[in-house]
Structures are given as structure tokens and as C-alpha cells.
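Per my numbering: the sequence shown ends with 192, consecutive numbering throughout. Beneath this line is the structure, given in C-alpha cells, with notes to follow.
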Amino acid sequence: MDEEAWPAIRIPFAGGHTAVVLHRNYPDDAGIEYFVAHPEWDRHGHLAVADGHYAGPGLAWPGAPIRRRPHPPIPA
């Protein structure tokens with residue numbers, strides 16, 4: 117594994133946003149990071165990490181009952 121080469125996949129979206137999938141190549145800390153970027157932002161928006169210490173978006177238990185309620189109809 118080449119520690120200097122970190123393969124990245126960039127997926128452009130409307131409004132200048134880009135989703136990025138970055139493969140970390142550290143021998144003891146390899147993994148995949150997912151984030152969103154925009155040229156006007158001073159930092160990336162973290163979406164998730166897939167490695168030995170998974171972290172990603174989720175739903176807190178207090179919000180779960182709210183999500184089960186049906187959504188009101190969308191006006192025509």
C-alpha cells in the first residue's frame with residue numbers, strides 16, 4: 117500500500133457541491149472517508165467514515181418517534 121497515494125473519487129453536484137470518497141492508505145489506519153465539499157466553504161462537511169472505528173450519520177432515539185409519523189400531504 118502506497119502511503120503517499122490516496123485515491124479519491126469526486127462526484128460533482130449542482131451549485132458547486134462535490135461528494136468525495138477518499139481512501140486513506142496509512143498502514144495502521146487505512147479506511148474510507150466520505151465528505152461533501154464546496155468552493156465557498158472553509159472546511160469539508162463530514163458524512164461518514166468506514167474503517168475499524170465506523171462513524172456516520174444516524175438518528176438519535178429522541179427523534180425516532182417523530183420520524184414514524186406520516187408526513188402531511190404536499191399542496192398542489
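Note that the Cβ used here is the ideal one computed from N, Cα and C, for glycine as well.
Can you say whether E149 is buried or exposed, counting buried as having 16 or more other CB atoms within 10 angstroms of its CB?
If you number the sequence shown from 1, residue 149 lands on position 33. Classification of E149: buried, given that the 10 Å Cβ count is 16 or more.
What residue range does the beta strand (DSSP E) around E149 cover?
As a first step, residue 149 must be located in the sequence shown, where it is residue number 33. Segment 147-153, the beta strand (DSSP E) holding E149.
What residues are listed by DSSP as bridge partners for G161?
Against the sequence shown, residue 161 aligns to sequence position 45. G161 is bridged to V152.
Once the 5 residues before and after R140 are set aside, which same chain residues still bring their CB inside 8 angstroms of it?
What you label residue 140 is simply residue 24 of the sequence shown in a count that begins at 1. Excluding residues within five positions, the ones whose Cβ falls inside 8 angstroms are W122, A146, G147, I148, E149, D167.
Who does H133 pair with in a DSSP beta bridge?
On the sequence shown, position 17 is the one that residue 133 refers to. H133 pairs with nothing; no bridge assigned.
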